[in-house]
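Note that this note's numbering has the sequence shown beginning at 2, numbered continuously upward. Written below as structure tokens is the structure these notes are about.
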Amino acid sequence: MILKVKRLPYEGETMAAEGVSMAAGGKGSNQAAQAAKLGIPTHV
């Protein structure tokens with residue numbers, strides 16, 4: 002999940018996002034991709 006904001010929030014500040022999108026990626030996807038390269042069955 003990717004949230005679009007005008008700036009980074011200050012410590013303790015709550016902000017509203019201007020937009021939201023979903024995309025594959027991150028630590029879990031990287032680990033699954035590497036495991037698949039080693040021949041281990043994976044799915045995300």
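The beta carbon of each residue, even a glycine, is placed where N, CA and C say it ideally should be.
For G20, write down the residues that DSSP places opposite it in a beta bridge.
K5.
Contact defined as beta carbons within less than 8 Å: I believe S22 pairs with I3. What is the distance between those atoms, to the nearest angstrom?
Confirmed, Cβ separation roughly 5 Å.
What does a CB cutoff of less than 7 Å around E19 pick up in its chain, not counting 5 residues either side in sequence?
So the qualifying residues of the chain are K5, V6, K7.
Helix, strand or coil for G29, going by three-state DSSP, please let me know.
Residue state, collapsed to three classes: helix.
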